[in-house]
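Here's the structure we're looking at; comments come further down.
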Amino acid sequence: MTKPSIETVRSRAQADANTFGYHLTPDPELLQGLLEGLKTNEERYGYPSCPCRLASGKLEYDRDIICPCDYRDPDVAEFGACYCRLYVNDKINETKDLPTVPERRPIEKQARSYESSAEKKTETKPEGEAAKTEVKPMSETKQKLWYCKQCGYVVFREDPPYICPICKAKREMFAEIKTRVEYSG
Amino acid sequence: MTKPSIETVRSRAQADANTFGYHLTPDPELLQGLLEGLKTNEERYGYPSCPCRLASGKLEYDRDIICPCDYRDPDVAEFGACYCRLYVNDKINETKDLPTVPERRPIEKQARSYESSAEKKTETKPEGEAAKTEVKPMSETKQKLWYCKQCGYVVFREDPPYICPICKAKREMFAEIKTRVEYSG
Amino acid sequence: MTKPSIETVRSRAQADANTFGYHLTPDPELLQGLLEGLKTNEERYGYPSCPCRLASGKLEYDRDIICPCDYRDPDVAEFGACYCRLYVNDKINETKDLPTVPERRPIEKQARSYESSAEKKTETKPEGEAAKTEVKPMSETKQKLWYCKQCGYVVFREDPPYICPICKAKREMFAEIKTRVEYSG
Chain A
1 MTKPSIETVR SRAQADANTF GYHLTPDPEL LQGLLEGLKT NEERYGYPSC PCRLASGKLE
61 YDRDIICPCD YRDPDVAEFG ACYCRLYVND KINETKDLPT VPERRPIEKQ ARSYESSAEK
121 KTETKPEGEA AKTEVKPMSE TKQKLWYCKQ CGYVVFREDP PYICPICKAK REMFAEIKTR
181 VEYSG
Chain B
1001 MTKPSIETVR SRAQADANTF GYHLTPDPEL LQGLLEGLKT NEERYGYPSC PCRLASGKLE
1061 YDRDIICPCD YRDPDVAEFG ACYCRLYVND KINETKDLPT VPERRPIEKQ ARSYESSAEK
1121 KTETKPEGEA AKTEVKPMSE TKQKLWYCKQ CGYVVFREDP PYICPICKAK REMFAEIKTR
1181 VEYSG
Chain C
2001 MTKPSIETVR SRAQADANTF GYHLTPDPEL LQGLLEGLKT NEERYGYPSC PCRLASGKLE
2061 YDRDIICPCD YRDPDVAEFG ACYCRLYVND KINETKDLPT VPERRPIEKQ ARSYESSAEK
2121 KTETKPEGEA AKTEVKPMSE TKQKLWYCKQ CGYVVFREDP PYICPICKAK REMFAEIKTR
2181 VEYSG
């Protein structure tokens, strides 16, 4: 894997902000720190997980906190900024008054990350028995096909997004498409 | 269901305008009226159907007129504004000269809404026989998987969108993906 | 097919630039030439293939170079502009210093277009034997369902996109969804 430059990380974040009509944080020091955090995480895990949260290092447990995380869009809608304050709306960009944004990530997902992260540091099998510290099996994190009942947008995820990125419908407007699918990766 | 505030409705509409590079109408009174109409419809039906059109109250018949409606993107492309004039392009935003936009919704979809809406008001079964006023069965409104032949965007809808939200290809560039799917909701 | 006007072509390109936070080229003469090229290609092929590249006239071989082409997003991310310089980022829009952007289209796709384009001009079967100049069979250009492991975005394409249009994840984050699908068109 090639190491991303800070400029690449910044350019991607800016493009992403543009797509959704957001701005990058108006605080230049905070911005620099967050971009460096994203760069570090991308080098460490292979994906730019949130610089303000603990990643497990397992993609299937970290999907929801890869930047832009699943919680950004509802957070910007409700508070004007994401949890990290990397992405802000027009108003916060003007006032520069960064809000405190509470953690929206469900506690069970946080716990899963912590357990998995802790395991990695103590990964030595006890003699005479198989390790018992396995994290939840993949069957519990199985992705499904979902569609937005308003605009038809289709995603393949564990849960539907909080807000449809196409038409902005809320999560409740997503329903499952049942079909037999297999997937790799 | 929680009742949306006017600020939530405004914030969602603004985010949606940003995503597509549109503006909310430059007429402040019109804007206020439309946002209130969206709020009322969301409370009444559970989804923010177009404030300028009659909804049936049945999601499967109203999908195309939930704001942003299916007709917004072709209308903004052709006239600079949607039917309601809630969403306008750069030019209309500057000139503030709101155009009159003709109704693009197909007459059969309008009729379906009117019939269904009328039924609800007279929903009393005649004695001795089953009601005969049923609206068209769901088989006529069956969703399919469609893909954009240009960019590959996948949607699950009755008909393909007028304009691909990702690459802006026109409806004719969509084709069906045939697979056995079941769906809920 | 109705012939698109230059205004329709410009309006679509502008909407597309807005969606991704890009600008149309700041060089007015270049812009006019590119829009005319897009108009000509749309009239000739039925789709607006890139005005700076040779199209085969066969949709299955030209998908990747229909404007906005598959290469635009990585090119704007790396060079600030697409191959044609039709789409540019904020910085190039301000400095008006248009970069030279190398061709990112894989050589085998270019070759396929050239062969197919050349064939059309000499499409006369030699007597006594079947034509041997057939381009690669459709099985080699078979579309698949892909999903973005970060955000769940689903596409039906030959290869995944270079950059996820929703969350900006790179191509490596896409994996295949295996399901039995048939498709038309």
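Residue numbers (this note's numbering), protein chains in the order written: chain A, 1 to 185; chain B, 1001 to 1185; chain C, 2001 to 2185. In this text, a Cβ means the ideal position worked out from N, Cα and C, and glycines have one as well.
Can you tell me whether P1102(B) is buried or exposed? The criterion is at least 16 other CB atoms within 10 Å of its CB, across all chains shown.
Counting from 1 along the second sequence, the entry for residue 1102(B) is found at position 102. P1102(B) should be labelled exposed.
In angstroms with no decimal places, state the Cα-to-Cα distance between A169(A) and L1086(B).
To locate residue 169(A), count along the first sequence from 1; it is residue 169. To locate residue 1086(B), count along the second sequence from 1; it is residue 86. Approximately 17 angstroms between the Cα atoms of the pair.
Would you list the one or two residues that DSSP bridges to L2024(C)?
Locating residue 2024(C) in the third sequence gives position 24, where the first residue counts as 1. The partner list for L2024(C) (beta bridge, DSSP) reads Y2087(C).
Is it buried or exposed, Q2150(C), if we count other Cβ atoms within 10 angstroms and call 16 or more buried?
Numbered from its first residue, the third sequence carries residue 2150(C) at position 150. So Q2150(C) counts as buried.
Does the contact criterion of 3 or more C-beta pairs under 8 angstroms hold for the region 2032 to 2040 of chain C versus the region 2002 to 2015 of chain C?
The region 2032 to 2040 of chain C is in contact with the region 2002 to 2015 of chain C.
Considering only DSSP beta bridges, list what R1157(B) is partnered with.
For this step, residue 1157(B) is matched to residue 157 along the second sequence. Paired residues: K1144(B).
P2077(C) to Q2110(C), Cα distance in whole Å?
Here residue 2077(C) refers to the residue found at position 77 when the third sequence is read from its first residue. Here residue 2110(C) refers to the residue found at position 110 when the third sequence is read from its first residue. Note on residue identity: the sequence assigns Ala, not Pro, to residue 2077(C). Near 22 angstroms, if we compare the C-alpha coordinates of Q2110(C) and A2077(C).
Count the other CB atoms within 10 Å of the CB of D1097(B); is the residue buried (16 or more) or exposed (fewer)?
As a first step, residue 1097(B) is located in the second sequence; it is residue number 97 there, counting from the start. The residue in question, D1097(B), is exposed, as its Cβ has fewer than 16 Cβ neighbours within 10 Å.
Go to A1175(B), then tell me how far its beta strand (DSSP E) extends in each direction, as first and last residue.
As a position in the second sequence, residue 1175(B) is number 175, starting the count at 1. Its beta strand (DSSP E) spans residues F1174 to K1178.
Helix, strand or coil for I1066(B), going by three-state DSSP, please let me know.
Taking the first residue of the second sequence as 1, we reach residue 1066(B) at position 66. Strand, per DSSP.
Under a CB-based cut-off of 9 angstroms, is F1079(B) close to chain A?
Along the second sequence, one-based indexing puts residue 1079(B) at 79. No, its Cβ sits nowhere closer than 9 angstroms to a Cβ of chain A.
Would you kindly check if the distance between the Cβ of S1117(B) and the Cβ of A1017(B) is under 9 angstroms?
The sequence position of residue 1017(B) within the second sequence is 17, counting from 1. The sequence position of residue 1117(B) within the second sequence is 117, counting from 1. No, the pair does not count as a contact, with Cβ atoms beyond the cut-off.
Could you tell me which chain C residues have their CB closer than 7 angstroms to the CB of I1166(B), listed as they occur along the chain?
The count along the second sequence starts at 1 and reaches residue 1166(B) at position 166. P2165, listed in chain order.
Using a Cβ-Cβ distance under 9 angstroms, would S1011(B) count as near chain A?
For this step, residue 1011(B) is matched to residue 11 along the second sequence. Yes, S1011(B) counts as interfacial toward chain A.
Quick check: G21(A) and T1019(B), are their CB atoms within less than 9 angstroms of each other?
Translated into the one-based positions of the first sequence, residue 21(A) becomes position 21. Translated into the one-based positions of the second sequence, residue 1019(B) becomes position 19. The answer is yes: Cβ separation under 9 angstroms.
Could you confirm whether any beta carbon from chain A is found closer than 9 angstroms to the beta carbon of D2073(C)?
Here the question's residue 2073(C) lines up with position 73 in the third sequence. Yes, because at least one Cβ of chain A sits closer than 9 angstroms to the Cβ of D2073(C).
Terminal residues of the continuous alpha helix (DSSP H) containing R2053(C)?
For the purposes of this step, residue 2053(C) is taken as the residue at position 53 of the third sequence. Neither: R2053(C) is in no alpha helix (DSSP H) and is coded neither H nor E.
Look at the alpha carbon of P1160(B) and the alpha carbon of R1171(B), and state the distance between them as a whole number of angstroms.
Within the second sequence, the letter at position 160 stands for residue 1160(B). Within the second sequence, the letter at position 171 stands for residue 1171(B). One C-alpha to the other measures close to 6 angstroms.
Quick check on K2109(C): does DSSP put it in helix, strand or coil?
Here the question's residue 2109(C) lines up with position 109 in the third sequence. Looking at K2109(C) - three-state DSSP - the assignment turns out to be helix.
Keeping to the same chain, check which residues put their C-beta closer than 8 angstroms to that of T179(A); ignore five residues upstream and five downstream.
Within the first sequence, residue 179(A) is the residue found at index 179, counting from 1. Result list for T179(A): L145, in chain order.
Can you pull the chain B neighbours of Q32(A), defined as C-beta to C-beta under 8 angstroms?
Stepping through the first sequence from its first residue, residue 32(A) is reached at position 32. By Cβ distance, chain B contributes nothing, its closest Cβ being about 25 angstroms from Q32(A), past 8 angstroms.
Mind listing the chain A neighbours of Q2150(C)? Cutoff is C-beta to C-beta under 8 angstroms, in chain order.
The sequence position of residue 2150(C) within the third sequence is 150, counting from 1. In chain order: Y47, R63 and I66.
Does the beta carbon of R171(A) come closer than 9 angstroms to any beta carbon on chain C?
As a working note, residue 171(A) is residue 171 in the first sequence. Chain C contact via Cβ: absent.
Excluding five sequence neighbours on each side, which residues of the same chain lie with their C-beta closer than 6 angstroms to the C-beta of C164(A)?
Taking the first residue of the first sequence as position 1, residue 164(A) is located at position 164. Taken in chain order, the residues that qualify are C148 and Y153.
Taking any Cβ of chain B, which residues in the region 2086 to 2106 of chain C have a Cβ under 9 angstroms from it, in chain order?
Answer in chain order: no residues at all.
Distance check for P2106(C) and Y114(A), CA to CA, integer angstroms please.
Within the first sequence, residue 114(A) is the residue found at index 114, counting from 1. Within the third sequence, residue 2106(C) is the residue found at index 106, counting from 1. Spanning the two alpha carbons is a distance of roughly 43 angstroms.
Can you list, in chain order, the residues of its chain whose CB lies under 8 angstroms from that of Q2143(C), leaving out five sequence neighbours each side?
Indexing the third sequence from 1 puts residue 2143(C) at position 143. Cβ neighbours of Q2143(C) beyond the five flanking positions: F2156, R2157, E2158 and Y2183.
Near P2099(C), which residues of its chain fall below 8 angstroms by C-beta distance, leaving aside the five closest residues on each side in sequence?
The sequence position of residue 2099(C) within the third sequence is 99, counting from 1. Here the set comprises F2079, G2080, A2081, R2085 and I2092.
So which of Y2047(C), A2015(C), L2024(C) and T2095(C) has the shortest CA-CA distance to Y2061(C)?
Counted from its first residue, the third sequence places residue 2061(C) at position 61. When each option's Cα is compared against that of Y2061(C), the closest is Y2047(C).
Sort V2088(C), D2070(C) and T2095(C) by Cα distance to Y2162(C) and report the nearest one.
Here residue 2162(C) refers to the residue found at position 162 when the third sequence is read from its first residue. The option with the nearest alpha carbon to Y2162(C) is D2070(C).
What is the DSSP secondary structure of I166(A), reduced to helix, strand or coil?
For the purposes of this step, residue 166(A) is taken as residue 166 along the first sequence, with counting starting at 1. In this structure, I166(A) counts as coil in the three-state DSSP scheme.
Exposed or buried, which one is R1044(B) when buried takes at least 16 other CB atoms within 10 Å?
Numbered from its first residue, the second sequence carries residue 1044(B) at position 44. Counting Cβ neighbours within 10 Å, R1044(B) comes out exposed, since fewer than 16 surround it.
With a 10 Å radius around its C-beta and 16 neighbouring C-beta atoms as the bar for buried, classify P28(A) as buried or exposed.
Within the first sequence, residue 28(A) is the residue found at index 28, counting from 1. By the 10 Å Cβ count, P28(A) comes out exposed.
Using only alpha-carbon positions, find the residue among P1051(B), L1031(B) and L1030(B) that is nearest to T1040(B).
As a first step, residue 1040(B) must be located in the second sequence, where it is residue number 40. Measuring from the Cα of T1040(B), the nearest candidate turns out to be P1051(B).
Give me the Cα-Cα distance between A108(A) and I177(A), rounded to the nearest whole angstrom.
By one-based count along the first sequence, residue 108(A) stands at place 108. By one-based count along the first sequence, residue 177(A) stands at place 177. Rather than Ala, the amino acid found at residue 108(A) in this sequence is Glu. The straight-line gap from Cα to Cα measures roughly 25 angstroms.
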